[in-house]
Amino acid sequence: MMDHAVDEFRKPRIRTILQTGAKKGLTVCRTWAFNYGDYNAFQISPGRFDERVFRALDHVIAETNQYRIRLILFLVNNLQAYGGKTQYVKWAWEEGIGLRKHQVKLKCKMLARGKKRLEREKMMLRRRKRKLGGGKMRLENE
């Protein structure tokens, strides 16, 4: 849904999907809160996030709140099309951390833990700022 919310033409689909779901009894929805690499990347590089995609995620959260649907956010992925382990390995190489084939699994786990921690901290900091700033959106669903 986050990917749809980035694109202004596809953004209305989110409301339609959630509205239909709520009418049919949907109370919990899970969606991705990640995307690494090039197209609509949530995390552009280690520790760098695209504000435009953050706003798209905010929109998804607000829409689920409007229909009283609880939201489960997935923060990790293994699909190469959306970055996955391959993206972490690429970033490691760019940072000068060379990985051999037999080291990739262990190093990926270590790198992923560190980068996921940074990502979670960034999301939680953003959540606190919204709450303290008196914004209209309730982000209790996170």
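The sequence shown begins at 1 in the UniProt record's numbering and counts up one residue at a time. Don't be surprised by glycine CBs; every beta carbon is placed ideally from N, CA and C. Since this is a predicted model, take the numbers as computed values, not measurements.
Taking 8 angstroms as the cut-off, does the stretch 36 to 51 touch the stretch 15 to 23 (at least 3 CB pairs, one atom from each stretch)? no
On the premise that T31 lies in contact with L75, defined as a C-beta separation below 8 angstroms, what is that separation, rounded to the nearest angstrom? Here residue 75 refers to the residue found at position 75 of the sequence shown. Here residue 31 refers to the residue found at position 31 of the sequence shown. Their Cβ separation, rounded to whole angstroms, is 11 angstroms, which puts L75 and T31 out of contact at 8 angstroms.
Taking only the alpha-carbon atoms, compute the straight-line gap between G96 and V60 and give it to the nearest angstrom. For the purposes of this step, residue 96 is taken as the residue at position 96 of the sequence shown. For the purposes of this step, residue 60 is taken as the residue at position 60 of the sequence shown. Between G96 and V60, the C-alpha separation is close to 36 angstroms.
Nearest residue (CA-CA) to Q66, options Y82, R10, L26: Numbered from its first residue, the sequence shown carries residue 66 at position 66. Closest option to Q66, Cα to Cα, is L26.
Between N35, T86, C29, L73, which lies nearest to V53 when the distance is taken from Cα to Cα? The residue given as residue 53 occupies position 53 in the sequence shown. Comparing Cα-Cα distances from V53 to each of N35, T86, C29, L73, the minimum goes to N35.
Which term fits E94, buried or exposed, when burial requires 16 or more other beta carbons within 10 angstroms of its beta carbon? Along the sequence shown, read from residue 1 onward, the residue named residue 94 stands at position 94. Classification of E94: exposed, given that the 10 Å Cβ count is below 16.
According to the neighbour-count rule (16 or more other Cβ atoms, all chains shown, within 10 Å of its Cβ), is A81 buried or exposed? What you label residue 81 is simply residue 81 of the sequence shown in a count that begins at 1. The residue in question, A81, is exposed, as its Cβ has fewer than 16 Cβ neighbours within 10 Å.
Can you look up Y88 in the DSSP assignment and give me helix, strand or coil? If you number the sequence shown from 1, residue 88 lands on position 88. Helix at Y88.
With burial defined as no fewer than 16 other Cβ atoms inside 10 Å of the residue's Cβ, what is the status of L24: buried or exposed? For the purposes of this step, residue 24 is taken as the residue at position 24 of the sequence shown. According to the sequence provided, residue 24 is Lys. The question's Leu does not apply to it. Per the 10 Å Cβ criterion, exposed.
Going by beta carbon distance, what residues of the same chain come within less than 7 angstroms of W91, once the five residues before and after it are set aside? In the sequence shown, counting from the first residue as 1, residue 91 sits at position 91. So the qualifying residues of the chain are S45, P46.
Which same chain residues, not among the five before or five after V6, have their C-beta less than 6 angstroms away from its C-beta? The count along the sequence shown starts at 1 and reaches residue 6 at position 6. These residues qualify, in order along the chain: N40, V53, A56.
Who pairs with I72 in a beta bridge, going by DSSP? Looking up residue 72 in the sequence shown gives position 72. Answer is R30.
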